[in-house]
Every structure is written in structure tokens, then in C-alpha cells.
Amino acid sequence: MPQITGRILPALAVAAASATLVAARAPVARPALPGDDGMYVGAVKLESAGVMHFGPDGTLFLADPRGAAVYAIDVADAGNDVDTTALEVEDVDGKLAAALGTTRDQIRIHDMIVHPRSQTLYFSLTRGRGADGVPLVVTLAKKDQAVAVVPLERIRHARTAIPKPPAPDARTPWGAPQRMMSVTDLALVDGELYVAGLSNEEFASTLRRIPYPFGRPAAATTVEIYHTSHDRYETASPIETFLPITLGGQPSLVAGYGCSPIATFSRAELATKSHLRGKTVAELGGGNRPLDMISYAKGGKEFILIANSDRTLTRLDAGEVAAARPLTTPVSQAFEPAGVGYLPVAIVGVMQLDNLNAANVVALKRDIEDGSLDVVSIARRWL
Amino acid sequence: MRPWALGAVVAGAVAVVSGACDRRAVPARGVAPTISVRLPRAPSGEAAPPAPAADTALTAGAVEVQGIDRRTLRALAARAPSEARWRTAFRVTVDAETQSGGAGPPHPVIGRYDASSERVRFVPRLPFQPGVRYRVELDPRSLAALAGVPAGDATAVVEHRFAIAARPLPRTTRVAAVHPSGARVPSNLLRLYVAFSAPMEPGEAYDHIRLFDEAGREVRGAFLRLDEELWDPARRRLTVLLDPGRVKRGIRSNLEAGAPLVPGRRYRLSVDATWRDASGARLAESFEYRFEAAAPDRARVDPAAWRLSVPRAGTLDSIHADFGKALDHVLAGRTLAVYDRRGDPVSGAGRLDADDRGWAFAPRKAWEAATYTLRVWPELEDVAGNRVSRKFDADRAAGDADFQASSAAAGVRLVPFRPSSAPAADLTIR
Numbered sequence: 001m002p003q004i005t006g007r008i009l010p011a012l013a014v015a016a017a018s019a020t021l022v023a024a025r026a027p028v029a030r031p032a033l034p035g036d037d038g039m040y041v042g043a044v045k046l047e048s049a050g051v052m053h054f055g056p057d058g059t060l061f062l063a064d065p066r067g068a069a070v071y072a073i074d075v076a077d078a079g080n081d082v083d084t085t086a087l088e089v090e091d092v093d094g095k096l097a098a099a100l101g102t103t104r105d106q107i108r109i110h111d112m113i114v115h116p117r118s119q120t121l122y123f124s125l126t127r128g129r130g131a132d133g134v135p136l137v138v139t140l141a142k143k144d145q146a147v148a149v150v151p152l153e154r155i156r157h158a159r160t161a162i163p164k165p166p167a168p169d170a171r172t173p174w175g176a177p178q179r180m181m182s183v184t185d186l187a188l189v190d191g192e193l194y195v196a197g198l199s200n201e202e203f204a205s206t207l208r209r210i211p212y213p214f215g216r217p218a219a220a221t222t223v224e225i226y227h228t229s230h231d232r233y234e235t236a237s238p239i240e241t242f243l244p245i246t247l248g249g250q251p252s253l254v255a256g257y258g259c260s261p262i263a264t265f266s267r268a269e270l271a272t273k274s275h276l277r278g279k280t281v282a283e284l285g286g287g288n289r290p291l292d293m294i295s296y297a298k299g300g301k302e303f304i305l306i307a308n309s310d311r312t313l314t315r316l317d318a319g320e321v322a323a324a325r326p327l328t329t330p331v332s333q334a335f336e337p338a339g340v341g342y343l344p345v346a347i348v349g350v351m352q353l354d355n356l357n358a359a360n361v362v363a364l365k366r367d368i369e370d371g372s373l374d375v376v377s378i379a380r381r382w383l
Numbered sequence: 384m385r386p387w388a389l390g391a392v393v394a395g396a397v398a399v400v401s402g403a404c405d406r407r408a409v410p411a412r413g414v415a416p417t418i419s420v421r422l423p424r425a426p427s428g429e430a431a432p433p434a435p436a437a438d439t440a441l442t443a444g445a446v447e448v449q450g451i452d453r454r455t456l457r458a459l460a461a462r463a464p465s466e467a468r469w470r471t472a473f474r475v476t477v478d479a480e481t482q483s484g485g486a487g488p489p490h491p492v493i494g495r496y497d498a499s500s501e502r503v504r505f506v507p508r509l510p511f512q513p514g515v516r517y518r519v520e521l522d523p524r525s526l527a528a529l530a531g532v533p534a535g536d537a538t539a540v541v542e543h544r545f546a547i548a549a550r551p552l553p554r555t556t557r558v559a560a561v562h563p564s565g566a567r568v569p570s571n572l573l574r575l576y577v578a579f580s581a582p583m584e585p586g587e588a589y590d591h592i593r594l595f596d597e598a599g600r601e602v603r604g605a606f607l608r609l610d611e612e613l614w615d616p617a618r619r620r621l622t623v624l625l626d627p628g629r630v631k632r633g634i635r636s637n638l639e640a641g642a643p644l645v646p647g648r649r650y651r652l653s654v655d656a657t658w659r660d661a662s663g664a665r666l667a668e669s670f671e672y673r674f675e676a677a678a679p680d681r682a683r684v685d686p687a688a689w690r691l692s693v694p695r696a697g698t699l700d701s702i703h704a705d706f707g708k709a710l711d712h713v714l715a716g717r718t719l720a721v722y723d724r725r726g727d728p729v730s731g732a733g734r735l736d737a738d739d740r741g742w743a744f745a746p747r748k749a750w751e752a753a754t755y756t757l758r759v760w761p762e763l764e765d766v767a768g769n770r771v772s773r774k775f776d777a778d779r780a781a782g783d784a785d786f787q788a789s790s791a792a793a794g795v796r797l798v799p800f801r802p803s804s805a806p807a808a809d810l811t812i813r
């Protein structure tokens with residue numbers, strides 16, 4: 001089958017190619033001292049692209065679980081869009097794939113977040129598969145839906161290693177380390193980057209706190225919860241998604257677990273303890289995983305919005321979460337929710353969530369009728 | 384209108400054609416431009432994004448258009464239009480035929496444009512991909528407008544399609560092992576490891592690993608599906624967790640759907656051959672691990688109860704520990720070590736045996752008639768997640784002391800042994 005039409009231009013000699021490539025990839029000279037934020041201009045060499053988070057100043061935090069690193073990246077996104085219009089992108093994976101010169105099946109989206117000022121969508125994704133897969137951060141502009149690739153090969157950034165649990169004994173080498181920390185979520189709060197994850201070996205759910213700017217030592221707390229309706233048992237299941245929030249005046253985290261309790265942790269306690277049990281305040285109902293979580297204010301109240309694998313979008317009242325007592329009573333039937341009640345918002349298939357602007361929440365959503373992956377806006381007035 | 388100025392048709396696989404660059408004379412105006420494609424160099428497998436230098440044309444491929452008059456080329460080189468402006472005259476898109484669905488015109492492929500004295504060129508931001516069809520459109524009139532020169536007798540839009548052959552993908556990767564590996568596992572099994580002979584493609588594990596009961600029905604929801612799969616750095620070993628919500632006693636999903644494994648029943652863990660490895664090739668063959676679920680194991684790992692076979696002094700024979708039950712294959716591989724009486728690690732090789740129910744350690748230097756210590760780190764777990772320091776599944780209501788035991792605050796257990804000059808004997812350290 002003829003696969004190539006058109007004239008093929010001769011390639012240059014391989015030696016010349018390698019030489020020029022080396023030149024092109026030569027590291028950019030570091031300034032003598034990085035900036036106050038610890039950043040310098042150079043290449044972010046991702047081994048994988050994972051979850052992302054924007055700091056309030058527009059610094060992008062990006063997890064590279066395979067590279068066991070977290071990056072703080074100055075994306076130099078100077079846009080300042082104060083418009084409160086919505087954003088709708090049909091077939092977004094097809095669109096991103098087309099812009100990246102490939103087909104939809106060659107794109108794997110890991111996360112989607114919104115730049116806090118420009119309202120530009122940022123996607124972490126892998127283009128291509130296997131050894132040919134390239135981890136990327138790709139933007140989609142709200143104004144014209146133009147797709148662009150964040151130039152990670154030369155960008156202001158800082159890197160820190162994801163701290164692993166200490167090895168049993170560094171002096172007893174049993175071969176190359178195979179421990180990895182997956183990163184399920186991360187967020188910057190109070191000058192610390194909270195990183196939730198799970199090891200591929202020991203079964204322990206760990207919250208790491210990495211001071212930002214990077215450089216000072218990180219701390220870790222293993223976290224457990226009473227699993228929802230049965231307070232007889234506890235679990236070290238992984239936190240799937242979490243949200244820094246102030247509850248009743250207390251700096252806290254709200255964390256979502258698989259199958260699917262919602263628990264709160266005091267940040268003051270996380271800062272001082274190496275092992276902490278959270279307070280389970282709600283059960284969204286079994287057979288479900290929380291996928292993403294955001295908060296927003298409306299009418300003088302704060303709400304928590306949760307995207308779910310097997311339920312509708314759900315909204316919790318942060319005031320009720322703050323006042324909730326720990327769950328102690330079992331539910332009586334399958335799929336029954338318990339604890340703090342929630343508003344089931346009649347939207348399904350939401351995989352990623354973020355605040356777009358003062359009037360809209362934006363979601364990455366699988367359409368259950370035609371199967372397409374779309375970006376949709378949901379007006380806060382309905383939430 | 385069908386483009387009428389195509390280059391030669393080249394059949395077959397990706398070819399890197401050596402030789403000097405094609406340097407044809409620049410034709411007079413009124414002759415249609417010629418579109419040609421430079422193929423990307425075979426990928427190196429390097430995951431780093433390509434550098435945006437001129438040379439990415441070698442790795443990413445390029446589309447070049449010749450036969451454009453010099454005046455237009457000079458003006459384009461001087462003006463250096465933005466990518467968005469270039470696209471008004473010259474664009475590369477993924478051919479709609481290979482991009483199923485999607486409304487509206489396709490987003491142009493992102494890349495860099497430039498003009499030289501002989502040609503204009505597009506270099507994609509990421510390499511052209513095997514198996515994808517591309518479409519190139521060049522509008523000489525828009526190009527003249529972009530250059531700010533009169534269109535004159537510019538020809539009609541030139542269009543060109545090309546594709547790069549998919550590479551042949553030999554199917555050589557296999558499942559090398561699954562742990563645990565014994566014929567019986569406790570019904571509260573927490574964790575499985577699937578090891579492969581070569582790196583795998585992450586992202587679709589749960590489409591290819593399934594658990595079936597003895598009637599051949601799939602046990603649905605048996606595994607904890609995480610967005611990010613738990614691979615080792617080489618992506619040759621996947622950690623699969625049985626949903627802890629279903630393994631633990633009393634957790635509602637356990638009550639609702641039942642624990643995934645029921646004691647006394649037989650199961651089959653299946654890895655199907657449609658799973659792709661890192662090269663994109665499917666597995667060479669499917670894999671099955673058949674086992675029977677035994678009674679749940681809710682006991683701590685107790686090194687004091689291990690049965691040690693202590694070698695004689697002066698030999699290189701192995702010390703052997705029989706755990707009495709299968710321990711976690713990976714953790715047991717790195718949480719056990721032998722130390723001498725001075726507190727230094729004894730060099731040698733440890734290896735699990737008997738389906739991870741035992742561990743043998745062969746020293747590099749002969750044993751002395753002195754006291755050694757087998758050190759056991761608290762991270763060690765059995766296949767059900769029970770640790771040395773605490774059970775996986777502590778019961779608060781029953782006043783279980785383990786409920787308050789923090790898994791983080793446990794120390795290393797020391798199991799002493801002393802090779803002697805007497806004949807080897809089995810003994811249980813108590």
C-alpha cells in the first residue's frame with residue numbers, strides 16, 4: 001500500500017544532524033543565582049505529565065510522577081481576561097489532537113485547569129504512545145480556541161523531587177529502586193505545596209508538604225480515615241482529590257476517597273503530626289470515585305463542587321461540612337449517601353473541574369449520548 | 384480542485400533518503416508551486432519535547448514548498464509573519480478521514496514556518512506520526528498577500544496529502560510473572576504485581592486485567608482503579624490493588640457487593656494479549672494465573688514465629704526463613720537483610736522461594752560461629768497488607784489493640800541466629 005505520496009527531500013547526514021541537535025539542546029546558561037522564587041530559565045524535561053495546579057500568581061505546578069518530580073513553572077501567561085463569558089469546546093480531544101498533528105486515539109489527557117487571570121485552559125497530556133509518547137502542557141485560549149504548546153524546552157521554572165518514604169536501609173541494595181509515588185492531586189496553600197499520593201509498594205496514603213519556593217525540606221504525614229458509615233474500620237486508602245479550604249475559621253483540607261467518603265483534615269494538625277486520622281463528614285454513596293473538587297462562593301456562602309465517576313456532579317455546603325459531626329452510623333442499603341447532604345447537580349460525565357471566572361465553572365465532560373469529550377461551562381447561578 | 388503539482392509517489396515504509404538537498408531552479412511566476420515532504424527521523428524514544436530549533440525538521444519532518452517566486456520569498460523572509468498569519472496561506476492539517484467526528488474545520492497542526500531564498504517551509508512542533516494522514520494546502524494568492532506583493536498570475540490553491548507508514552510491530556512482550564504466585568491466596572488479598580518482559584504502555588491496564596470466578600463470570604469492580612496506574616520506573620511492573628473498600632471487613636461495598644474473593648472458590652486472573660507494550664505492539668500471548676481463595680488472613684507478620692534453617696559456620700550455605708505464609712514479593716525483597724554482630728550488613732544475595740513463603744540468603748563470605756541478626760523492617764507486609772507492626776484490618780469496636788497502633792511508629796525487628804559447627808538443624812526461634 002503506498003503510504004507516502006509526494007517528494008521526499010533527502011535528509012542531511014546523521015552526523016550533522018546529531019551535531020546540530022546537540023547544539024539546539026545545549027542547556028541554557030543558568031544565571032549565577034536563580035530568582036527569589038528559585039526559578040531559572042532552562043528545559044523542563046518531563047518523563048510524564050500528571051496533575052496540575054495554579055498558584056494565585058499564575059505559577060503552574062506540575063507533577064511528573066515518573067520523573068518523581070514536581071515543577072513550578074512561570075508560564076508567562078500575561079493575559080488578563082475579566083470577561084465572565086462561558087467557554088464551550090466540542091470534541092476537545094479531537095481538537096487538541098489535530099493541533100498536535102495526530103488523531104484522537106493518540107492523546108491522553110491527564111488534567112485540565114484554568115489560568116486564574118487569562119482564563120486559558122491548560123491541559124497536561126501525552127501525545128503518542130509508549131516510547132514515542134511525549135508529555136506536554138498544551139493551552140487552549142478562551143478567545144479564539146487556538147491551541148498552543150507550552151515551550152517547556154526553554155522556560156523559567158524550578159524543580160523539586162517528590163520525596164519518597166525513606167528506604168529501609170540504604171546500605172542493603174537489592175537492585176534498582178522500583179518504588180514510585182503516584183501523585184493523585186496537588187495544591188499550593190500557605191506557602192506549601194500539598195501533594196497527595198500513593199506508593200506502588202507500601203500501602204499507605206501520604207500527604208507531603210513541600211515548602212515553596214522549593215529548597216527547604218519537605219514533610220510527610222500518613223493519613224487515614226474512618227471509612228464512612230462504619231466507624232469500626234479505618235483505611236489507608238489513597239486520597240483521590242483534595243481541596244484546601246477554611247472550615248469554621250480553621251485552615252483545612254477536604255479530601256475525597258474512592259467509594260466514596262469525604263473527609264476533612266486540619267492543616268494545623270497536618271503540620272505537626274506524622275500520622276493523622278481525618279474526620280469523615282459525608283458519604284456520597286458507594287460504587288463511585290470522586291474525580292475532582294473545587295470551591296466557589298455564591299450569595300455569601302461557600303460551596304464545594306465534586307466531579308464523580310459514577311454519580312452526578314455534587315455540591316456540598318462548606319458551612320455544613322465545617323459543622324458536621326463525624327459519621328458513626330451505618331447506611332442501610334447500597335449506594336445510600338450519608339452525613340452532610342449534597343445537591344445532585346443534573347450533569348453527568350464530568351471528569352475535570354475548575355473555576356473559569358466569576359460567573360462560570362468549566363468542566364471536561366464526556367457526553368453520554370455521543371461519547372465525545374467536550375469542554376462545557378456551567379453557570380454558577382445554577383450551582 | 385485536484386492539485387496538479389504533486390511530487391513523485393513513493394510507496395512503502397518510512398525511508399530516510401540520503402544525499403544532497405534537492406536544489407532546483409526557482410521557476411518563473413505562473414508555474415505552480417511544488418509541495419514536498421521531509422519524513423521525520425525515526426524516533427529516538429526520548430521523552431523530552433523537541434527543541435524549537437531549525438533542526439527539528441530532521442526529527443519532526445517538514446513540508447517544503449518550492450516554485451515560489453523570489454520576490455515573494457524575500458518579502459516573507461523579511462516579514463517573518465506569525466504562525467497564525469502563515470496559516471492563512473499555508474497550512475497542514477490532519478486529514479479529516481483519519482480524524483473521526485469533530486465539527487468544523489480541523490485545527491491546523493502547530494508548527495513553525497520560515498522562508499528562504501528557495502522555499503517556504505513548515506516544521507511541525509511534534510513529529511509527523513506514523514499512521515496519520517496529513518493534508519497540505521497552499522494558496523499562492525494568500526501567500527502573495529502575506530508577503531505584500533501583487534498576486535499577479537498566481538496559480539490556484541495547491542493541495543497535497545501524505546501519510547507515513549506505520550512501523551511493523553513485532554509482538555514479543557510477555558507477562559513474566561504474577562505475584563503472589565501460589566495456588567492458594569487469602570481471600571483478603573490486597574495487592575498483585577504483574578511483571579512484564581519489556582516496558583508497557585500505561586493508561587489502559589484495567590481494560591486488560593480481569594478477574595473471573597470459577598463459572599467464568601467476571602468479578603467486576605475487583606480492582607482499585609486509579610487514574611494514575613502504579614508502575615515501577617521502568618514500566619515493567621504494575622501494582623494492582625484489590626479495592627481495599629471491598630477487602631476490608633465491614634466496609635459497605637464489602638457488604639453490598641461482597642468481597643471480591645470468597646474463601647473456597649477458584650479464580651482466574653487474566654491478562655489479555657491485546658494490551659500494548661511501550662512500542663505499541665500487542666502482547667505476544669495472553670496470561671492466566673489460577674488460584675483458590677483461602678480463609679482470610681488477619682494476622683500480623685510475626686518474624687518471631689518464622690522457622691529458620693541456620694547454616695553451619697564456615698560454609699557459604701544459605702540461611703533460610705520459612706514465613707509460614709506468603710509475604711509481599713516486592714516488600715520482602717527489600718525489607719529483609721542479614722547483619723553481623725558488629726551491626727554491619729552481610730553482603731550476599733537474598734531471594735524469595737516457595738511462592739514467596741520463604742527467603743534464602745547466601746553470604747558472599749563464609750559464616751562465622753557468631754551471632755548474626757536477620758533484620759525485618761516494619762514496612763514488610765503479607766499479601767493481605769498485614770504488617771509486622773499491625774494488621775491491615777483493625778477492628779475498633781472489638782477493642783483491637785492494633786487499631787491504635789500507628790503504622791508509622793514501628794521499629795526494625797531483630798531475629799538473631801548463630802551458625803554453629805554442629806550439623807545444620809531446623810529450629811524455630813521463640
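Chains as they are written, first to last, in the working numbering: chain A, 1 to 383; chain B, 384 to 813.
Heads up, the beta-carbon is just placed ideally off N, CA and C, and yes, glycines get one too.
These figures come from a predicted structure and were not determined experimentally.
Under a criterion of Cβ atoms nearer than 8 Å, no residue of chain A is adjacent to His712/B; the nearest Cβ is some 10 Å distant. Look at the segment 485 to 496 of chain B: the residues with a C-beta under 9 Å from a C-beta of chain A are Gly485, Ala486, Gly487, Pro489, His490, Pro491, Val492, Ile493 and Gly494. Boundaries of the beta strand (DSSP E) around Val70/A: Ala69 to Asp74. One Cα belongs to Ala667/B, the other to Thr657/B, and the distance between them is close to 9 Å.
Distance check between Leu710/B and each of Glu762/B, Ser730/B, Arg659/B and Asp660/B places Glu762/B closest, using alpha-carbon atoms only. If you look at Glu671/B, you'll find it isn't in any alpha helix (DSSP H); it sits in the beta strand (DSSP E) that goes Phe670 to Ala677. No Cβ of chain B is located within less than 8 Å of the beta carbon of Gly35/A. Considered as a whole, the segment 453 to 479 of chain B harbours 453 to 462 and 466 to 469 as its complete alpha helix (DSSP H) runs of no fewer than 4 residues, in chain order. The beta carbon of Leu459/B sits closer than 7 Å to those of Ala498, Val503, Leu529 and Ala530, all from its chain and outside the five residues before and after it, given in chain order. Residue pairing from DSSP places Pro135/A in a beta bridge opposite Thr126/A. Fully enclosed beta strand (DSSP E) runs of no fewer than 3 residues occupy 690 to 693, 702 to 705, 719 to 722, 731 to 736 and 741 to 746 of the segment 680 to 746 of chain B, in order along the chain. For Asp292/A, DSSP records a beta bridge to Ala307/A. Boundaries of the beta strand (DSSP E) around Asp497/B: Gly494 to Ala498.
Here Val759/B has Pro686, Thr718, Leu719, Val771, Val795, Arg796 and Val798 as same chain residues with Cβ atoms under 7 Å from its own Cβ, once five neighbours each way along the sequence are excluded.
The residue among Gln352/A, Lys45/A and Pro151/A with its C-alpha nearest the C-alpha of Ile378/A is Gln352/A. Within its own chain, the residues whose Cβ lies closer than 7 Å to the Cβ of Gly191/A, once the five positions on either side in sequence are excluded, are Pro211 and Tyr212, listed in chain order. The three-state reading of DSSP puts Val92/A in helix, counting H, G and I together.
Between the C-alpha atoms of Met180/A and Leu575/B there is a straight-line separation of about 16 Å. Pairwise C-beta distances place the segment 302 to 311 of chain A out of contact with the segment 263 to 278 of chain A, as fewer than three of them are shorter than 8 Å. Under the three-state reduction of DSSP, Pro416/B is assigned to coil, being neither helix nor strand. Taking the Cα positions, Leu193/A is about 21 Å away from Ser237/A. Bridge pairing for Ser252/A: Ile245/A and Ser266/A [DSSP]. Ala605/B places its beta carbon 8 Å or farther from that of Leu621/B. About 5 Å separates the Cβ atoms of Pro116/A and Phe54/A, confirming a contact at the 8 Å cut-off. Excluding its 5 nearest sequence neighbours in each direction, Leu100/A has C-beta neighbours in its own chain below 6 Å: Arg127, listed in chain order. When secondary structure is reduced to three states using DSSP, Ala97/A falls in the helix class. In its chain, beyond the 5 residues on either side, Ala578 have a beta carbon closer than 6 Å to the beta carbon of Ala560/B.
Counted as a single uninterrupted DSSP element, the beta strand (DSSP E) harbouring Pro507/B occupies residues Arg502 to Pro507. Distance between Leu96/A and Val89/A, taken at the CA atoms: about 11 Å. Counting C-beta pairs closer than 8 Å gives three or more between the segment 63 to 74 of chain A and the segment 43 to 50 of chain A, which meets the contact rule. The C-beta distance from Arg208/A to Val195/A rounds to 4 Å, short enough to meet the 8 Å contact threshold. Thr556/B is outside the set of residues whose beta carbon lies under 8 Å from a beta carbon in chain A.
The C-beta separation of Phe800/B from Ile702/B comes to about 7 Å, placing the pair in contact by the 8 Å criterion. Val149/A reaches chain B at Ile493 and Arg508, counting residues in chain order whose Cβ is nearer than 7 Å. Per DSSP, the beta bridge partners of Pro261/A are Glu283/A. When beta bridges are read from the DSSP output, Tyr576/B appears opposite His562/B and Thr622/B.
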